[in-house]
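Comments concern the structure below.
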Amino acid sequence: MTLSNRDLGEVAEVLMNEKPLPKFTDYTGTEITQLFGRCVQRQDLLEKIDPQQPAREWLFEDCKITPLPNGAADSLICQRYRELLELLRTSDDIGAWHWLGHWLKSENIRDPVKFFPEVVLKQLVQASDVSPADIRNARVVRIWLSYTEPLVRKIKWRRQGKQENPISQWETRAYDSDVVGLVNSKAWNSAEEFTSDWIAQWSGERKVKYQRETLVNSYSRCVANWWIRFTKCSFCRQHATAEFWMREENIPHCKEHSPDKLPELLIDAWPDRAGRRWWREGIDIYFTDSSTAK
Ligand SMILES: [Zn+2]
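Each residue of the sequence shown is one higher than the one before, starting from 476 at the first, in the working numbering.
This is how it looks when you write it as C-alpha cells:
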C-alpha cells in the first residue's frame with residue numbers, strides 16, 4: 476500500500492500532536508493515609524450489622540463486571556455483550572442470576588439486592604455455602620486488602636530484587652506505624668495472611684475482636700466456595716485464581732496473568748475488559764485509562 480501525500484500529512488499531524496499518555500498507579504503519600512481512614516469507617520459500618528444476619532450486599536459487593544467507561548468504543552461494547560452472552564449460556568440458574576445481578580449493578584441499571592425477588596436472594600446466599608460469620612470475617616479482610624496488598628506485594632518484589640530497604644521512606648511515613656512494624660517483622664506468604672494478622676492485632680483495642688486463625692480460615696472458605704466459582708481473570712477468559720489491588724479496586728487474574736508476569740513496556744501492556752492497559756515498571760504497576768482502547 477502506498478500512502479498519498481495527504482495520508483502522510485495526516486500521519487505527521489497525529490505524530491506531532493501526540494500528547495504524553497495519561498497513566499495511573501497506586502496511591503501515594505496522603506492518599507494512603509486517607510485510605511486508612513476509609514478502611515476504619517468501612518469496618519465500623521460492617522460491625523454495626525448483626526453478624527448472624529445473612530447480609531445480601533456482599534453477594535454483589537465485589538465488582539465482577541468492570542463498568543465500561545463513558546463513551547466506550549463500539550468494539551469494547553460488542554466484546555462485553557459477547558462475553559455476557561457466553562457467561563449466561565454456560566451458567567446454571569444460580570450462575571445466571573449472579574451474572575445478571577453483577578451486570579445490572581455494573582451498568583448502574585438496578586441494585587440487584589433491592590431488585591431481585593426475595594426467593595432468588597435466598598437461593599444465592601444458600602448456594603454460597605458459607606456461614607454469616609465467615610462472610611463477615613472475609614468482608615473485614617477484603618476491606619483492608621485494598622490498603623495492605625499493594626504494600627505487601629511491593630515489599631516482596633523489593634526483597635526478591637535484594638533491595639536493602641524493603642520498605643521505602645515515603646511508605647514508612649504514609650502507612651500506619653503499626654502496619655509498618657508488622658509488615659517488616661517477617662517475610663509474609665501472602666497479603667491475606669498479613670492482613671489477618673494485622674486485623675487481629677489492631678482490633679485488640681476495639682469492641683469487636685478477631686482471631687488471626689479464624690480470619691484466615693473464614694477467608695479461605697469464602698474464596699473456595701464462592702469467589703473462585705464466579706471470578707474471571709481481568710485479562711483473559713480463564714477463571715481467576717488470585718487478585719491484586721489498585722486504587723481500592725480488586726483486579727482478579729489467572730496464573731498466567733499474575734502481577735509478577737506483567738510486561739515491562741507499555742507497548743506489550745495487557746488490555747483488560749474495560750479497555751485499560753496494564754504494565755509494570757520496576758515495582759510499580761501502571762495502567763492507562765480506556766481512551767487508548769481500539
Ligand atoms: Zn488470564
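All C-beta atoms in this analysis are idealised placements derived from N, C-alpha and C, irrespective of residue type, glycine included.
Cβ neighbours of residue 563 in the same chain (closer than 7 Å, five flanking residues each side left out):
571, 574
Using only CA atoms, which one of 641, 616, 665, 590 lies nearest to residue 656?
641
For residue 769 and residue 756, I'd like the C-alpha separation in whole angstroms.
For residue 769, the predicted structure reports a pLDDT of 49, less than 50, and the residue's modelled location is therefore unreliable. A value from the coordinates is still provided. Rounded to the nearest angstrom, the two C-alpha atoms are 23 Å apart.
Give a yes or no on contact between the segment 536-548 and the segment 620-631, applying the rule of three or more CB pairs nearer than 8 Å.
no
Does the distance between the C-beta of residue 582 and the nearest non-hydrogen atom of ligand 1 fall short of 7 Å?
no
Residue range of the alpha helix (DSSP H) that includes residue 511
504-522
Does the Cβ of residue 685 have 16 or more other Cβ atoms within 10 Å, making it buried, or fewer, making it exposed?
buried
Any alpha helix (DSSP H) of 4 or more consecutive residues that is wholly inside the segment 600-671:
607-635, 644-649, 652-659
Beta-carbon within less than 8 Å of residue 521's beta-carbon, same chain only, minus the 5 sequence neighbours each way: which residues are those?
611, 614, 615, 618
Just to check, is the beta-carbon of residue 713 closer than 7 Å to a non-hydrogen atom of ligand 3?
Ligand 3 is absent from the structure shown, which contains only ligand 1.
Given this structure, state the Cα-to-Cα distance separating residue 537 from residue 744, to the nearest angstrom.
25 Å
Please classify residue 763 as buried or exposed, where buried requires at least 16 neighbouring CB atoms within 10 angstroms.
buried
Drop a sphere of 10 angstroms on the beta-carbon of residue 507, count the other beta-carbons inside from all chains shown, and report buried for 16 or more, exposed for fewer.
buried
With DSSP as the reference, please indicate the residues paired to residue 728 in a beta bridge.
717
Less than 7 Å separating the Cβ of residue 728 from some heavy atom of ligand 1?
yes
Just the C-alpha distance for residue 498 and residue 713, rounded to the nearest angstrom, thanks.
26 Å
Which value, in whole angstroms, describes the spacing of the CA atoms of residue 680 and residue 674?
11 Å
Contacting residues, own chain, Cβ-Cβ under 7 Å from residue 629 (five flanking each side not counted):
758
Coarse secondary structure for residue 758, derived from DSSP in three states:
coil
Counting C-beta neighbours from all protein chains within 10 Å, is the total for residue 576 16 or more, i.e. buried, or is it exposed?
buried
Pull up the distance between the alpha-carbon of residue 593 and that of residue 600, whole angstroms please.
11 Å
Endpoints, the alpha helix (DSSP H) within which residue 701 is located
No alpha helix (DSSP H) holds residue 701; DSSP gives it neither H nor E.
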